[in-house]
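Working notes for the structure below.
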Amino acid sequence: KQEVTQIPAALSVPEGENLVLNCSFTDSAIYNLQWFRQDPGKGLTSLLLIQSSQREQTSGRLNASLDKSSGRSTLYIAASQPGDSATYLCAVYHYGGSQGNLIFGKGTKLSVKP
Amino acid sequence: GAGVSQTPSNKVTEKGKYVELRCDPISGHTALYWYRQSLGQGPEFLIYFQGTGAADDSGLPNDRFFAVRPEGSVSTLKIQRTERGDSAVYLCASSLVGGRRETQYFGPGTRLLVL
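Line by line, the protein sequences are chains P and H. FYI, the working numbering numbers position 54 of the first sequence as 137, with every residue one higher than the one before it. FYI, the working numbering numbers position 43 of the second sequence as 47, with every residue one higher than the one before it.
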């Protein structure tokens with residue numbers, strides 16, 4: 084059974100720091116991995132999608148990497164800002180799942196202090 | 005353009021009551037998904053529609069839960085005989101054609117509280 088784990092569960096950093104969020108999954112048979120952002124009381128916003136054949140994706144200050152063989156992904160946030168404060172979720176599309184079945188981690192709650 | 009919308013945004017009900025949660029996907033999206041998110045957890049898959057039909061309902065926890073999408077657009081998640089354990093945020097998402105390589109676009113969710 085595919086399981087997704089995110090470490091740390093919570094992270095507090097001062098503004099301007101570069102930071103890394105970690106995601107691991109137990110079964111490397113995935114189609115892709117996605118990183119989402121969730122603000123309090125809001126839905127999920129897709130940040131980056133990495134296909135299984137890719138190693139990384141970049142969008143602005145965000146860079147996500149994927150090492151499928153080791154079952155790991157990282158989300159790198161450069162020059163963090165208070166507006167980056169949110170919960171970050173990673174999710175995988177697993178070969179064993181249905182076409183709709185994203186499997187999520189529990190998220191990392193990020194707080195960026197001004 | 006407009007994103008995925010969900011109504012109501014909040015719903016408080018009593019144990020044993022029936023509730024309906026509505027999802028309006030992005031116009032033109034044929035795939036629609038329902039997830040449930042409990043406090044401190046990631047979203048968990050409930051059901052996936054491709055057009056009007058449920059392509060996968062393996063995530064529905066029991067037969068008190070049912071969802072429909074009669075015209076291939078709006079979807080309604082129905083919960084009968086609600087229990088306190090049903091309290092959660094119910095998220096809806098849509099994607100253009102469905103499939104594992106697409107991004108799913110999520111709505112803001114409906115917060116259900118069963119007293």
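Here a beta-carbon is modelled for each residue, glycine too, at the ideal position from N, C-alpha and C.
Run through chain P and tell me which residues come within less than 7 Å of residue i, C-beta to C-beta.
| i | result |
| --- | --- |
| Pro47/H | Phe187 |
| Leu81/H | The premise fails here: Leu81/H is roughly 14 Å from chain P at the closest Cβ pair, so nothing lies under 7 Å. |
Quick one: which chain H residues come within Cβ less than 7 Å of residue i?
| i | result |
| --- | --- |
| Leu132/P | Thr107 |
| Lys125/P | Pro112 |
| Ser142/P | Within 7 Å Cβ-Cβ: nothing; Ser142/P doesn't reach chain H, min ~12 Å. |
| Gly190/P | Gly46 |
The beta strand (DSSP E) that contains residue i, what's its start and end?
| i | result |
| --- | --- |
| His177/P | 169-177 |
| Glu48/H | 48-54 |
| Asp60/H | 57-60 |
| Ala6/H | Where Ala6/H is concerned, there is no enclosing beta strand (DSSP E), given that its DSSP letter is neither H nor E. |
| Asp28/H | 23-28 |
| Gln41/H | 35-41 |
| Ser98/H | 92-99 |
| Thr114/H | 114-118 |
Could you list which residues in chain H have their beta carbon closer than 9 Å to that of residue i, in chain order?
| i | result |
| --- | --- |
| Gln117/P | Thr107, Gln108 |
| Ser194/P | Per Cβ cutoff of 9 Å: no residues; Ser194/P is ~16 Å from chain H at best. |
Is the shortest distance between the beta-carbon of residue i and the beta-carbons of chain H less than 8 Å?
| i | result |
| --- | --- |
| Leu158/P | no |
| Ser111/P | no |
What does residue i touch in chain H if you count any residue whose Cβ is under 8 Å from its own?
| i | result |
| --- | --- |
| Tyr114/P | Arg104, Arg105 |
| Leu172/P | Gly46, Pro47 |
Any idea which residues DSSP pairs residue i with across the strands?
| i | result |
| --- | --- |
| Thr141/P | Asn146/P |
| Glu18/H | Glu18/H pairs with nothing; no bridge assigned. |
| Ile90/P | Asn105/P |
| Ile113/P | His177/P |
| Thr191/P | Tyr171/P |
| Ser156/P | Cys106/P, Leu149/P |
| Lys196/P | Pro97/P |
| Lys82/H | Glu24/H, Phe70/H |
| Thr128/P | Arg120/P |
| Leu55/P | No answer is possible for residue 55/P: it lies beyond the span of chain P, which begins at 84 and ends at 197. |
| Gln134/P | Asn115/P |
Is the Cβ of residue i closer than 8 Å to any Cβ of chain P?
| i | result |
| --- | --- |
| Leu116/H | no |
Output, in chain order, the set of chain P residues within a Cβ distance shorter than 8 Å of residue i.
| i | result |
| --- | --- |
| Leu95/H | Gly126, Leu127 |
For the putative contact between residue i and residue j, defined by C-beta atoms under 8 Å, what is the C-beta separation to the nearest angstrom?
| i | j | result |
| --- | --- | --- |
| Ser111/H | Gly190/P | The question names Ser, but residue 111/H is Gly in the sequence shown. Rounded, the Cβ-Cβ distance is 18 Å, inconsistent with contact. |
| Trp38/H | Leu100/H | With a Cβ gap of about 18 Å, Trp38/H and Leu100/H do not count as contacting. |
| Glu48/H | Gly63/H | 7 Å |
Please check if any C-beta of chain A sits within less than 8 Å of the C-beta of residue i.
| i | result |
| --- | --- |
| Pro165/P | Here chain A cannot be found, since the structure's protein chains are P and H. |
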